[in-house]
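Protein sequences appear in the order of chains Z and R. If you're matching positions, the first sequence starts at 1 in the UniProt record's numbering and goes up one per residue. If you're matching positions, the second sequence starts at 1 in the UniProt record's numbering and goes up one per residue. Note that beta-carbon positions come from the ideal geometry of N, C-alpha and C, so glycine has one too. These numbers come from a predicted model, not from an experiment.
Protein chains: 2
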Amino acid sequence: MFESAELGHRIDKKTFDAEVPALREALLQAQFDLKAQGDFPLLILINGIEGAGKGETVKLLHEWMDPRHIQVTSFEHPSDEEQARPAAWRYWRQLPAKGQIGVFFGNWYSQMLQGRVAGTLDEAGFEHALDEAVALEQMLCNEGALVLKFWFHLSQQRMNARLEELEDDPQHSWRISPLDWHQSRIYEDFVRHGQRMVQRSNCQRAPWHVVEGFDHYYRSLTVGRILLASLQDALKARRKDRRDVGGTARVGNGLDQRRLLDSLDLSQRLDKAGYQQQLLTEQARLSRLMRDPKMKRHALVAVFEGNDAAGKGSAIRRVADALDPRQYRMVPIGAPSDEELAHPYLWRFWRHVPPHGRFTIFDRSWYGRVLVERVEGFAAPVDWQRAYGEINAFEEQLTEAGTILVKFWLAIDRDTQYERFKAREKTPFKRFKITDEDWRNREKWDDYVEAVDDMVTRTSTRDAPWTLVEANDKRYARIKVLRTLNEALERAFGQDG
Amino acid sequence: MFESAELGHRIDKKTFDAEVPALREALLQAQFDLKAQGDFPLLILINGIEGAGKGETVKLLHEWMDPRHIQVTSFEHPSDEEQARPAAWRYWRQLPAKGQIGVFFGNWYSQMLQGRVAGTLDEAGFEHALDEAVALEQMLCNEGALVLKFWFHLSQQRMNARLEELEDDPQHSWRISPLDWHQSRIYEDFVRHGQRMVQRSNCQRAPWHVVEGFDHYYRSLTVGRILLASLQDALKARRKDRRDVGGTARVGNGLDQRRLLDSLDLSQRLDKAGYQQQLLTEQARLSRLMRDPKMKRHALVAVFEGNDAAGKGSAIRRVADALDPRQYRMVPIGAPSDEELAHPYLWRFWRHVPPHGRFTIFDRSWYGRVLVERVEGFAAPVDWQRAYGEINAFEEQLTEAGTILVKFWLAIDRDTQYERFKAREKTPFKRFKITDEDWRNREKWDDYVEAVDDMVTRTSTRDAPWTLVEANDKRYARIKVLRTLNEALERAFGQDG
C-alpha cells in the first residue's frame with residue numbers, strides 16, 4: 001500500500017512557485033472561515049518514516065497559515081501527572097477547541113508503532129491500541145471534528161540517503177527518534193506494522209493520506225492540496241447539515257414494559273441503632289482501604305446519579321466524612337463552561353480524571369448525556385445513542401489504567417420524592433435545593449424511568465457495573481453506598497495479589 | 001501574639017448545639033449568595049500547629065456548607081510539571097473561580113514555615129517568600145477575592161497530649177507532617193517563625209485569625225462565626241461598590257511631553273542582501289542556543305506588543321522558522337474565555353507559563369491591561385494602575401525560576417501604518433488581518449503613545465527589560481528581534497557559569 005509512495009514523485013520548482021500563492025491564499029481563507037464558523041476543530045496527525053519531511057511539513061503549515069491558531073503538540077516522555085492517569089489523558093488535554101487547528105506530532109499511532117517495533121507491545125496489545133484509536137477518532141468525527149492523518153513515506157534507499165544528508169545539519173537535530181533507523185530491520189518492521197496500522201484505521205471520516213516525502217515541492221504541494229480540499233469540504237458540509245434531528249429514538253428493552261427500577265424493593269430500611277453502628281464500621285473500613293498501600297496503583301471514581309431528592313448529597317457526605325479532604329475531589333456537574341462546550345462531550349470529565357492514589361466523586365456525570373439531555377431533547381437521538389458506546393470506551397480506559405469505577409443510581413418512588421420536595425420547601429437551609437426545574441423534571445418521571453433502564457442495560461459492564469440503590473430510606477441507601485465502595489476496593493486489591 | 005490562644009478556651013456542648021442550626025443555615029445562605037452573585041471567590045488558608053484541628057475544620061466546612069462548591073487542595077510534593085515552573089504556578093492552577101470556595105490546606109505559608117524550621121530556607125529566603133505572599137494576596141484582594149487566613153494554635157503541652165491521643169486513631173493518619181513534632185525545638189521554632197509570619201502578612205483585606213484548637217466546640221463555632229461574618233460583609237460590600245470608576249488616571253512622565261517612542265530612529269533599514277545573510281546567521285544561532293544543554297535549566301518567554309501592522313506576526317514567524325515546532329508554543333491573546341474571566345487577570349497567562357527547556361511566544365500579552373484596556377477604558381484606572389506592580393511581581397517570579405523573559409514593542413510611525421493598512425486591504429490573503437477596529441484604534445494613536453511610555457517606564461526591569469524595535473523597515477525589525485533573543489539566551493547561559 002505504500003508502493004506508490006516509493007516511485008520518487010517530484011514536481012519542478014516552476015510548477016510549485018506558480019501554484020503556491022493561490023493555494024496559500026485559499027488555505028488562509030479556509031482557516032479564517034474555520035475560526036469564524038467556530039463549530040468544529042481540525043486535528044492533523046503526522047506519522048511516517050524518519051526523514052520523510054514530517055517536521056518540515058509542520059513548519060510549512062505554520063508558514064502558510066496563521067500560526068497563532070495552529071497548536072503543535074508532540075507527545076514525548078509522559079510527565080508524572082500523565083503517567084498516573086489513563087494513557088489517553090494526555091491527548092484529551094491537548095485536543096484543539098472548535099475553530100482551532102491542532103497538529104499532533106507524535107501521537108497514538110507513533111506510540112503504538114514504536115512500541116510494536118521496539119517489542120514493548122505485543123500483537124494483542126497493538127491490536128487493542130488500534131481499536132482504541134479507531135474508537136477515539138470515531139467519537140471525534142461524530143462530535144464534528146475533521147481528522148486528517150498523514151503518513152510520510154520514503155523507500156529504504158532514499159531514507160538512508162536522506163539521513164546521511166541530515167546528519168550534519170544542526171537545524172535538523174529534532175528529527176531524532178528513539179528507533180535506530182540505520183538498521184534495516186527497523187525500517188522493514190516499521191513499514192510492515194505501519195501498513196497494517198494504516199489499513200486498519202483508515203475510514204471515510206478520518207482518512208489516511210500517504211505522501212511520498214522525497215521531493216520537497218511534491219510533498220508540500222500534495223499536503224497543501226489535501227488540507228485545502230478537506231477543509232473546504234468540511235466547512236461546506238457543516239454549514240449545510242445543521243444536524244438532522246429526526247430519526248427513531250427508541251432503544252427498546254423488551255415489549256413487556258417491565259423496568260429494572262420496578263424490580264427494586266424500595267421498602268428496605270435500617271433502624272437508627274443499626275445504622276449508626278454500620279455507618280461507623282463502613283466509614284472506618286473505607287478510611288483504612290483508602291490508606292492501603294495498594295491504593296497507590298489505583299484511583300477511585302464514584303459516579304452519583306439518581307432521582308432528584310434521592311439523597312445523593314447526603315450519601316456523598318457520609319463517604320466524604322470518612323476521608324482526609326486531601327484524598328478526594330468533588331466534581332459537581334452543572335452547565336458546561338464555554339471552554340468545555342468548545343470540546344468533545346467527554347472532555348470536561350477527562351479534565352477531572354484522578355491520578356493514582358486519589359478519589360474523585362462526580363455528583364452527576366457523563367451520564368447526563370443519556371439522562372437529562374435525552375429526556376429534555378438537548379442532545380439529538382443520534383448523539384445520545386452513540387454516547388453509550390463512547391462512555392463504555394471511556395470507562396474501559398479508566399479501568400484499564402487501574403481506576404476502580406463505582407456507579408450509583410439512587411432510586412426513590414414518586415411519593416417519596418413529593419414528600420421530600422415539600423419538606424425542602426419548608427426547611428430554611430434546604431430551600432436553595434428545590435427549584436421550579438425540579439418540579440418540571442418530576443413531570444417527566446416515566447421518561448426518566450425508561451432512560452435509566454436503557455442506561456443501565458447498555459453501560460453496566462463487568463469492570464464498571466451499575467449499583468442500583470434503594471433510597472426511600474436514606475439510612476439504608478447510605479450504608480449500601482459505603483459498603484459497595486468498600487467491596488469494590490477490596491475486590492480490586494484482592495486481584496492485585 | 002498567640003498567647004490568648006493558649007488559655008484553654010472552651011465552650012460547652014449546650015451552647016454549641018443551640019447555636020449551630022442557625023449558623024449553618026446562615027452559612028449555607030451566604031454560600032448560595034456567593035455563587036449566585038458570582039463576582040468574587042473565597043479563598044481560605046489553613047495553617048497552624050499539628051493536632052490543632054486543621055483537618056477537622058476543613059471537614060466541618062464540608063459538612064456545614066455545600067461541599068460541591070468547596071474545593072480543598074493540599075500542596076504536597078510538587079509534580080514534575082510543577083517543578084519545571086515557578087513555584088507559584090501550582091497555586092495559580094488551583095485558584096477558585098468567582099462564586100466558588102477554595103481551601104488551601106498546605107499553602108505558601110506552610111511551605112515557607114516548614115522550610116524555615118527545617119533549615120532549607122534561610123532568613124533572607126523566608127523574608128522574600130513573605131513578600132511574595134503579601135503581594136499575591138494583595139493582588140487577589142484587588143481582584144475582588146475574599147481571603148481568610150486561619151492559624152490553629154495549641155500550647156506545647158496541649159499539643160503533646162493531643163498527638164498521643166491521635167496516634168492510635170486510624171482515621172487521623174493524614175495529620176502526618178514532615179516535621180517531627182515530638183521534638184520540643186520544632187514546636188518552639190515553628191511558633192517563633194510562625195508569629196513573625198502572621199505579623200508580617202496580616203492586613204485588613206486578608207487578615208489572619210488565630211484560633212485555639214484545643215476544644216472542638218470552641219474552635220468550630222469560632223471559625224464558623226468568622227467565616228459567616230466575613231462572607232456576609234464581603235457580599236454586602238461587593239453589591240454596593242460596583243467599582244468607583246472615577247479618579248485621576250494620569251501616570252505622568254515629565255512635563256515636556258517628550259516620549260520614549262519619539263527617541264527612536266525609525267529610518268533604520270537593512271538592504272535585502274544584508275538581511276538574507278543576517279537572517280540565516282541569527283536563525284542558526286537561535287536554533288543552536290535552544291538546543292544548548294543549558295536550556296534545560298531555563299525557559300524562554302517572548303512577549304510581542306506593538307502598533308497594529310507593525311509586523312509582529314512576520315517577526316514571530318522568522319523566530320519560529322528557526323525552531324523545532326515541538327520546542328515552542330504560540331499563544332495569541334484575544335478575548336478571554338468565561339473560565340478566564342472567572343479568575344484574576346493574570347490567571348490566563350499563568351496557564352501558559354512554559355516548563356524548563358521550552359519557549360512560549362505571546363502574541364500580545366498581559367500588557368493588554370495597561371495598553372488597550374487602559375486606552376479603551378475596559379479597566380478602571382485603579383485596576384490598570386495597580387497592574388504595573390502586579391506584572392513586575394509576576395515577571396520576577398518567572399525570572400527567578402530561570403525563565404528568560406524578552407519583551408518587544410514593535411514601533412512604526414503613523415504614515416507607515418496607514419500605508420500598511422491600505423496594502424492589507426488590497427492583498428487577498430491579508431484582508432482578514434484588517435478590520436474596522438484597526439481603523440478605530442488608529443484614531444487613538446496619541447493615547448497609545450502615552451500608554452506605551454508609561455508601560456516601558458514602569459515595567460522595564462533589569463531582568464525583564466523592554467526592547468523597543470524600530471519597525472518601519474520590516475527587515476531591520478526582524479533581525480533586531482532575533483538578535484535580541486539570542487543575546488538574552490547567551491547572557492543567561494553565560495551567567496550559569
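Taken in chain order, the complete beta strand (DSSP E) segments of 3 residues or longer contained in the segment 47-123 of chain R are 70-74, 101-105.
Annotated three-state conformation of glutamate 212 of chain R is strand, per DSSP. For the beta strand (DSSP E) assignment, the uninterrupted runs of no fewer than 3 residues enclosed by the segment 279-318 of chain Z are, from N- to C-terminal side, 299-306. A straight-line Cα-Cα distance of about 10 angstroms links phenylalanine 152 of chain Z and tryptophan 208 of chain Z. The beta carbon of methionine 295 of chain Z sits no closer than 9 angstroms to any beta carbon of chain R.
Remark: fewer than three beta-carbon pairs, one from each stretch, lie closer than 8 angstroms, so the segment 184-197 of chain R and the segment 142-150 of chain R are not flagged as touching. The three-state reading of DSSP puts aspartate 496 of chain R in helix, counting H, G and I together.
In this structure, lysine 294 of chain Z sits near aspartate 496 of chain Z, with a CB-CB distance shorter than 9 angstroms. With fewer than 16 neighbouring CB atoms inside 10 Å of its own CB, glutamate 167 of chain R falls in the exposed class.
Per DSSP, reduced to three states, the secondary structure at arginine 329 of chain Z is strand. The count of Cβ pairs closer than 8 angstroms, one atom from the segment 9-29 of chain R and one from the segment 153-160 of chain R, stays below three, leaving the stretches out of contact.
In the DSSP annotation of this structure, the continuous segment of the alpha helix (DSSP H) that includes tryptophan 439 of chain R starts and ends at 436-443. Excluding sequence positions up to five before and after arginine 420 of chain Z, its CB lies within less than 6 angstroms of the CB of Ala309, all in the same chain and listed in chain order. Between the C-alpha atoms of lysine 426 of chain Z and glutamine 29 of chain R there is a straight-line separation of about 15 angstroms. Relative to the Cα of asparagine 307 of chain R, the nearest Cα in the group R:Glu127, R:Leu136, R:Ser460, R:Asp447 belongs to R:Asp447. Chain-ordered, the chain Z residues with CB closer than 7 angstroms to the CB of phenylalanine 105 of chain R read Pro325, Arg326.
Per DSSP, reduced to three states, the secondary structure at isoleucine 361 of chain R is strand. If you ignore the 5 residues before and after leucine 140 of chain Z, its C-beta comes within less than 7 angstroms of the C-beta of Leu43, Val147, Pro344, all in its own chain and listed in chain order.
Against histidine 69 of chain Z, the close residues of chain R are Pro332, in the order they occur along the chain (beta-carbon pairs closer than 8 angstroms). Excluding residues up to 5 positions away in sequence, Ile49, Leu113, Val117, Leu179 lie with their Cβ nearer than 8 angstroms to the Cβ of phenylalanine 190 of chain Z in the same chain.
Short of 6 angstroms from the beta carbon of histidine 352 of chain Z, and not among the five residues preceding or following it, lie these beta carbons of its own chain, in chain order: Val331, Thr360. Only exposed fits phenylalanine 378 of chain R, as fewer than 16 other CB atoms lie within 10 angstroms of its CB. Setting aside the 5 residues that flank it on each side, leucine 235 of chain R is surrounded in the same chain by Asp33, each with a C-beta closer than 6 angstroms to its C-beta; the list follows chain order. Under the 9 angstroms criterion on CB atoms, glycine 306 of chain Z is classed as non-interfacial with respect to chain R. DSSP, read as helix, strand or coil, puts phenylalanine 40 of chain R in coil.
Out of R:Leu60, R:Phe150, R:Ala124, R:Asp66, the CA that lies nearest to the CA of asparagine 47 of chain R is found in R:Phe150. When Cβ-Cβ separations below 9 angstroms define contact, serine 110 of chain R makes no contact with chain Z. DSSP places phenylalanine 408 of chain R within a strand segment (E or B) once states are collapsed to three.
Chain Z places a beta carbon closer than 9 angstroms to that of glutamate 339 of chain R, counting this residue as a contact.
Interface flag for glycine 313 of chain R against chain Z is set, since a Cβ pair is found closer than 9 angstroms.
Annotation: tryptophan 350 of chain Z is outside any beta strand (DSSP E); the continuous alpha helix (DSSP H) that includes it extends over 347-350. With a cut-off of 8 angstroms on Cβ pairs, the segment 194-209 of chain Z is not in contact with the segment 69-81 of chain Z, counting fewer than three such pairs. About 10 angstroms separates the beta carbons of glutamine 276 of chain R and isoleucine 479 of chain R, which is beyond the 8 angstroms limit, so they are not a contact pair.
In this structure, leucine 95 of chain Z lies away from proline 21 of chain Z, with their beta-carbon atoms at least 9 angstroms apart.
Straight-line spacing of the CA atoms in glutamate 305 of chain Z and asparagine 441 of chain Z works out to 14 angstroms. Beta-bridge partners of phenylalanine 150 of chain R (DSSP): R:Ile46, R:His209.
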